[in-house]
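Residue numbers for the sequence shown follow the numbering used here, beginning at 909 and rising by one. This report refers to the structure that appears directly beneath it.
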Amino acid sequence: MKTTSLWGTGCCTWMTVKSSATGFGGRAEMGYDVGLAISDLRAEKLLDGALLPGPAGAEYYPADELAGREVAGAFAGAGLDSRRLAPGALFVALAGQNVDGRCFVPAVLEAGHWVLTRSAAAPDPLVGASLRDGGGALLSPDPEKALAHLAGCWRRRLGTRVLGITGTNGKTTTKDLARALLSGGGKTQATRGNFNNQLGLPITLLDLRPETRFAVIEMGASAVGDIRYLARIARPDVGLITNASPAHMEKFGSLENIIAGKGELLAELPATGRAILNADSPGFAQWSRRSVCAVCSWGRETGDHRWSFDAAAGALILDGEAWPVPLPGAHNAANLCAAILAARAFGLEDAALRAGLEGFVPSDHRSRLLRWRGRTVLDDSYNANPGSVRAAARTVADMAAAGRAFAVLGPMAELGPTGDALHRETGAALADLGPDSLDPDSLDPDSLGLAGLLAVGDGTGERAARELAAGFGRGAEVRASCAQALIWLREHTTAGDIILVKGSRSAGMDRLVRLMEAEAEEDENP
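Here is the structure:
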């Protein structure tokens, strides 16, 4: 059997298809039916034609000639990365920033995969293409929209119940917690990595298996309208909004627009659904009015359910009952509170939720504790905005019982014209951290706040780093790289100290964490 090394952009799921000389034979119960896919796309005018097996080999059929074709088979996903496609998978060939996935169409087809690509690219990607083991190509004038339509059709065919989560802070951690909780009631799948956008969400839905009982779908947004688009594809049964605070200001423009954008989820819920809302968040009143279904709210002093955080025990106290919080910080207790209420909305008993919570695994670089040369490091380097930085800094300040607390911060991206001011304000807020600054019910009264702030940034990020340091004032330093930051930390921190590492994804603060991990491994294995 010939094997081919394939390269592309993005990520993948899988599909299984078998072909015959006269058509396709396969196991439709394994995934999305190819015949129905063609029918669905034709109905939406999202299919111009297809390259399918014919009597003389691979033959191109315009859309109006596909009606009489016998087309069967199944695929259970879609992918953007030809390097990771399983046999027979659907490859969505898009033009990326650095690589044009359409260049790999012939090789992908030859390897037995399905392809979804832009009609305007035909016939070039199909010239000389050969089909093996059931591959085929679907040509669409808008492959992104076609992918979304296929995902929406697959979602409607499933019996899976869907929880949709959005919000400025805590989306991913709440998603991870909800997945663990719901797994106590049956097979549960959830958004992987950063698959929370217009490409990642459809791929997540197409990856759902028929036997999956619950799906936890994260929805990200950078502008008004994004959540509406994603929710109409995912059709969640229960919707959860964690909070709203300044982030992605370049496109949102204002906190009011962020509140409106997050609230788009509520209009897409069924009347029989449930909206889980944070009563302590700006926008709660607007969201409550906007919801088309019953609202379940939580808050410290208001809301249907009251919560607090027992820092000494590391426990969420929800309506008087204690729940172990598997991650540090009061903000993660709030995330757990939201996840519990969302899971209960599906009818699960607390005993099942507690059993599921025992299997919790956090996503990479989110509220992860590690050891480095006698120091404790809170790796929260995946992303950052002003609200999440304050919450994480509060956490390390409270945790520094025997030593001191330091924050190592990269720039916060997509803050638009308000970026300089928000960086300076965030630095000033961290300088003011005291025992009563953010979460008075949960703090150690002996908390001394942060001993120092190290801002990391070069090039376009240097200005943001300097604004952070200027806001913090005395005790703040600026370094141009993670390597320089590591040197500073070696010289100015000691065993027993705790260090927060955080920044927007584009800041690459996870590089500092990897450097620390490498040093820790060398120390253990000299």
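We treat Cβ as the ideally placed atom computed from N, Cα and C, and that holds for glycine. Since this is a predicted model, take the numbers as computed values, not measurements.
If you draw a straight line from the alpha carbon of residue i to that of residue j, how long is it in whole angstroms?
{"i": "Met1320", "j": "Ala1391", "result": "19 Å"}
{"i": "Arg1140", "j": "Arg1069", "result": "15 Å"}
{"i": "Ser1027", "j": "Ala1183", "result": "40 Å"}
{"i": "Glu1052", "j": "Gly1075", "result": "24 Å"}
{"i": "Leu1116", "j": "Glu1126", "result": "14 Å"}
{"i": "Asp972", "j": "Asp956", "result": "8 Å"}
{"i": "Ala1175", "j": "Ser1162", "result": "21 Å"}
{"i": "Glu1158", "j": "Ser1414", "result": "15 Å"}
{"i": "Phe932", "j": "Leu993", "result": "Because the pLDDT of Phe932 is 31, which lies under 50, any placement of that residue in the model is unreliable, and the number read from its coordinates should be weighed accordingly. Spanning the two alpha carbons is a distance of roughly 20 Å."}
{"i": "Pro1234", "j": "Ser1289", "result": "18 Å"}
{"i": "Pro1353", "j": "Ala1305", "result": "With a pLDDT of only 43 at Pro1353, under 50, the local geometry of the prediction cannot be trusted, and the value read off the model is given with reservation. Taking the straight line joining both Cα atoms gives about 11 Å."}
{"i": "Leu1286", "j": "Asn1243", "result": "17 Å"}
{"i": "Leu1256", "j": "Asn1077", "result": "26 Å"}
{"i": "Pro1190", "j": "Ile1149", "result": "11 Å"}
{"i": "Leu1249", "j": "Ala1388", "result": "43 Å"}
{"i": "His1239", "j": "Ala1299", "result": "6 Å"}
{"i": "Val1007", "j": "Trp1022", "result": "19 Å"}
{"i": "Gly1222", "j": "Ala1230", "result": "10 Å"}
{"i": "Met1417", "j": "Glu1370", "result": "14 Å"}
{"i": "Glu1432", "j": "Leu1261", "result": "38 Å"}
{"i": "Glu1375", "j": "Ala1019", "result": "52 Å"}
{"i": "Val1316", "j": "Val1409", "result": "5 Å"}
{"i": "Gly1267", "j": "Ile1407", "result": "27 Å"}
{"i": "Cys1201", "j": "Ile1225", "result": "27 Å"}
Beta-carbon within less than 6 Å of residue i's beta-carbon, same chain only, minus the 5 sequence neighbours each way: which residues are those?
{"i": "Ser1205", "result": "Leu1185, Ala1187, Gly1211, Asp1212"}
{"i": "Arg1312", "result": "Ala1359, Asp1405"}
{"i": "Leu1265", "result": "Ala1088, Leu1089"}
{"i": "Arg1121", "result": "Gly1094, Lys1095"}
{"i": "Ile1166", "result": "Ala1152, Phe1160"}
{"i": "Ala885", "result": "With the chain covering only 909 through 1434, there is no way to say anything about residue 885."}
{"i": "Ala1253", "result": "Val1146, Arg1182"}
Can you tell me which of the three DSSP states residue i falls into?
{"i": "Gly943", "result": "helix"}
{"i": "Phe1192", "result": "helix"}
{"i": "Asp1227", "result": "coil"}
{"i": "Asn1104", "result": "coil"}
{"i": "His1331", "result": "helix"}
{"i": "Pro1232", "result": "strand"}
{"i": "Leu959", "result": "strand"}
{"i": "Pro970", "result": "strand"}
{"i": "Ser1205", "result": "strand"}
{"i": "Ser1296", "result": "helix"}
{"i": "Gly931", "result": "Reliability fails at Gly931, whose pLDDT of 31 lies under 50, so the model's placement of it is uncertain and no value is given."}
{"i": "Ser1216", "result": "strand"}
{"i": "Arg950", "result": "helix"}
{"i": "Ala1428", "result": "helix"}
{"i": "Leu1341", "result": "coil"}
{"i": "Gly1324", "result": "helix"}
{"i": "Arg1112", "result": "Before going on, a small fix: residue 1112 reads as Thr here, not Arg. It is helical."}
{"i": "Thr1210", "result": "coil"}
{"i": "Ala964", "result": "coil"}
{"i": "Arg1026", "result": "strand"}
{"i": "Gly1303", "result": "The identity of residue 1303 in the sequence shown is Thr, whereas the question assumes Gly. Note: Thr1303 maps to helix in three-state DSSP."}
{"i": "Thr1096", "result": "strand"}
{"i": "Arg1087", "result": "helix"}
{"i": "Ala1308", "result": "coil"}
{"i": "Ala1315", "result": "strand"}
I think residue i touches residue j, with their Cβ atoms under 8 Å apart; what is that distance to the nearest whole Å?
{"i": "Ala1056", "j": "Pro1110", "result": "5 Å"}
{"i": "Leu1017", "j": "Asp948", "result": "The pair is not a contact, with the Cβ atoms about 22 Å apart (cut-off 8 Å)."}
{"i": "Ala1378", "j": "Gly1365", "result": "No, Ala1378 and Gly1365 are not in contact; Cβ-Cβ is about 13 Å, not under 8 Å."}
{"i": "Leu1039", "j": "Pro961", "result": "5 Å"}
{"i": "Leu1362", "j": "Glu1385", "result": "5 Å"}
{"i": "Thr1081", "j": "Arg1274", "result": "6 Å"}
{"i": "Ser990", "j": "Phe1012", "result": "5 Å"}
Is residue i close to the ligand SAM? I mean its beta-carbon at under 7 Å from any heavy atom of the ligand.
{"i": "Gly1367", "result": "Because no ligand of any kind appears in the structure shown, any question about the ligand SAM cannot be addressed here."}
Apart from the five residues just before and just after residue i, which ones in its own chain have a Cβ nearer than 8 Å to its Cβ?
{"i": "Gly1169", "result": "Ala1129, Ala1131, Val1132, Gly1133, Asp1134, Ile1135, Phe1160"}
{"i": "Leu853", "result": "Nothing can be reported for residue 853, as the shown portion of the chain is limited to 909 through 1434."}
{"i": "Arg1063", "result": "Val1070, Leu1113, Leu1116, Ile1141, Ala1142, Arg1143"}
{"i": "Leu1277", "result": "Pro1236, Thr1284, Val1285, Leu1286, Asp1287"}
{"i": "Ala975", "result": "Arg950"}
{"i": "Pro1434", "result": "none"}
Leaving out five residues before and five after residue i in sequence, what residues of the same chain have Cβ atoms less than 7 Å from its Cβ?
{"i": "Val1203", "result": "Ala1183, Leu1185, Ser1196"}
{"i": "Trp1435", "result": "Any question about residue 1435 goes unanswered here, given that the chain covers just 909 to 1434."}
{"i": "Glu1430", "result": "none"}
{"i": "Ser1296", "result": "Asn1077"}
Residue ranges of each beta strand (DSSP E) within the region 1234–1274, 3 or longer: none
Residue ranges of each alpha helix (DSSP H) within the region 976–1023, 4 or longer: Considered as a whole, the region 976–1023 harbours 1013–1018 as its complete alpha helix (DSSP H) runs of no fewer than 4 residues, in chain order.
Every unbroken beta strand (DSSP E) inside the region 1038–1079 [3 residues or more]: 1044–1048, 1069–1074
Within the region 1116–1203, ranges of the alpha helix (DSSP H) (whole runs, at least 4 residues): 1134–1142, 1157–1160, 1163–1175, 1192–1198
Unbroken stretches of the alpha helix (DSSP H), 4 residues or longer, contained in the region 1353–1426: 1368–1380, 1390–1400
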